[in-house]
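Here the structure is laid out as structure tokens; the discussion comes afterwards.
There are 2 protein chains.
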Amino acid sequence: MTITARTIGQGRATLAGEVRDEIERMIVEGDLGAGEKLNELALSDAMGVSRGTVREAIRSLADSGLIDLITNRGAFVHETTLSEVRNLYELRGAIFALACAASARRVREGAARDLPTALARNIEEMEGTLGDSDTSSYYRLNIEFHDMLLEGAGNPRAKAMYDNLVKEMHLFRRRGLSVATNIARSLDEHRVISDAVATGDSEAARKAAEHHIVEGLARYMKIAESQDSATP
Amino acid sequence: MTITARTIGQGRATLAGEVRDEIERMIVEGDLGAGEKLNELALSDAMGVSRGTVREAIRSLADSGLIDLITNRGAFVHETTLSEVRNLYELRGAIFALACAASARRVREGAARDLPTALARNIEEMEGTLGDSDTSSYYRLNIEFHDMLLEGAGNPRAKAMYDNLVKEMHLFRRRGLSVATNIARSLDEHRVISDAVATGDSEAARKAAEHHIVEGLARYMKIAESQDSATP
DNA sequence: TGATTGCTGATTGTTGACAAAAATATGGTT
DNA sequence: AACCATATTTTTGTCAACAATCAGCAATCA
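These protein sequence lines are chains A and B, in that order. So that you can map any letter, position 187 of the first sequence is 1067 in this note's numbering, and since no number is skipped, the others follow by simple counting. So that you can map any letter, position 26 of the second sequence is 906 in this note's numbering, and since no number is skipped, the others follow by simple counting.
Put into structure tokens, the structure is as follows:
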């Protein structure tokens, strides 16, 4: 269920906004590869809108990190390096830790009353997918889990930043590696976070969140490196 | 032969970029008050450029948080509420803590060799300003201190986010309250951070950084609230 | 041969004009 | 005077055309 109740920053009632979303989709889903150039004329032609509209869409995407702008040369899909991924993980971890701590605090204060049950339900559902060979539902539930905590923190700006980071990391992931490794381990970590949030223990929640991201990075790097050495 | 190339960092070789910087300056320096509307025609007239150029500048500023875009209504200088300031502080603290921890790690690994001496020099200079009634040099040194740590962390994305947050908080600060309160206390906290970074103790650095921001928020809120109740 | 200079086609930067939507003014009714 | 529907004005959204800049290639010269 997508609540898309007009993200205050970017309304999609406008044509440029629509184009923006479409370009973003093309990048995230891989229609446009890393490093590839965004030709304004070609895009406007393909979408049946004016070049100025495409231009506006590209400009509004630039600051999100998905696109690099070079004066007089054009826009390019950002090429995320491995060392950059480490930086992004670091950032994501810091924001996620903040969100979990804040969620715990708000549970304690009674501001996010139904968060604990929602988290528990998510974990239960995830347990159900453990045997499945298809990891798509794990994928969805994993995103939902993090989303609920970011939402529960009551800090919209933090959520916006987090979403941007995830989008950009997704760029790199497309090089072929799945995140669905060690689902069982990841699920264990989710349980610890959920418990800490449910009991309102901010410090424990922060620690568990940090640990979760650090472990995730480690799992990720292990695969990425072995893949890097395998592919020329 | 070295020709002064104007396109070194984020190029302002383009007209729209120039306009963007000018609008940002107007907002940060208070020529445009919070909540005020940005009239495209008026701005383009005043600056002697086309409306499209101004439009492009505004769009590229929108994601930074300084400006709110409303479809078919225009762009407005973001009005930062007190509860939002709390959220921004929270975020800033998380990123600053990450930066300090990373700086400490990099000192330990020998990647940021001259950071400790630079921090020590900054603190020394700041001690010299303790008696001054003019707080402008404290202001400058305070920014420098945080900048060095963000730079030392080797995470450019984190620095960009941090800078954006500070800019947005600046928006609120303009309501008349100075941050130069309890300089001595703040300086003490800087010393703790500096020591932790110098000895390469990541955990201590993170804790000290978090503490510094939390205390800063507390000091800030105390003044803001008393001011809020004083001014109608 | 190798590097520099001057063209050429393509792409981006900028502009002014037109269309659509919101804000504001107008006028009649109760 | 207050209220609602409608006309007018202002402002934003979109477009197509013009100008500046760049990558690539051919011609020139050391």
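All C-beta atoms, glycine included, are put in the ideal place defined by N, C-alpha and C.
In summary, the residues of the stretch 937–948 of chain B whose CB is separated from some CB of chain A by less than 8 Å are 939, 940, 942, 943, 944, 945 and 948, in the order they occur in the chain.
Fully contained in the stretch 1066–1091 of chain A is no beta strand (DSSP E) run of length 3 or more. Taking a contact as a CB-CB distance under 8 Å, the pair residue 914/B and residue 959/B counts as one, their CB atoms being some 5 Å apart. When secondary structure is reduced to three states using DSSP, residue 984/B falls in the helix class. Rounded to whole angstroms, the separation of the alpha carbons of residue 1000/A and residue 1089/A is 16 Å. With a cut-off of 8 Å on Cβ pairs, the stretch 929–947 of chain A is not in contact with the stretch 1079–1088 of chain A, counting fewer than three such pairs. Of the candidates 923/B, 1030/B and 1050/B, the residue whose Cα lies closest to the Cα of residue 967/A is 1030/B. Against chain B, a Cβ distance below 8 Å from residue 1041/A picks out 971 and 1041. Counting the other CB atoms within 10 Å of its CB gives residue 997/B a total below 16, which places it among the exposed residues.
Interface flag for residue 960/A against chain B is unset, since no Cβ pair is found closer than 8 Å. Within chain B, 1034, 1035, 1036, 1037 and 1038 have C-beta atoms less than 8 Å from the C-beta of residue 967/A, given in sequence order.
Contact of residue 932/B with chain A is assigned, a C-beta pair being separated by under 8 Å.
For residue 982/B, the closest C-alpha among the options 976/A, 985/A and 970/A is that of 970/A. DSSP places residue 994/B in the coil class of the three-state scheme, outside both helix and strand.
By the 16-neighbour rule on beta-carbons within 10 angstroms, residue 911/A is exposed. Apart from the 5 residues on each side of it in sequence, residue 949/B sits with its Cβ closer than 7 Å to the Cβ of 942 and 955 in its chain, given in chain order.
Proximity of residue 991/A to chain B, defined by a Cβ-Cβ separation below 8 Å, is not satisfied. Separation of the CB atoms of residue 1093/B and residue 973/B is rounded to 3 Å, and the pair is thereby assigned contact status at 8 Å. When C-alpha distances from residue 1046/B are compared across 931/B, 897/B, 944/B and 919/B, the shortest belongs to 944/B. For residue 918/B, the pairing in a beta bridge is given by DSSP as 955/B. Cβ-Cβ separation between residue 975/B and residue 1071/B: approximately 21 Å, too far for a contact (criterion under 8 Å).
Of all alpha-carbon atoms in 991/B, 980/B, 1037/B and 1040/B, the one lying nearest the alpha-carbon of residue 1076/B is that of 980/B.
Within chain A, no residue has its CB atom less than 7 Å from the CB of residue 1089/B, the nearest being about 11 Å off.
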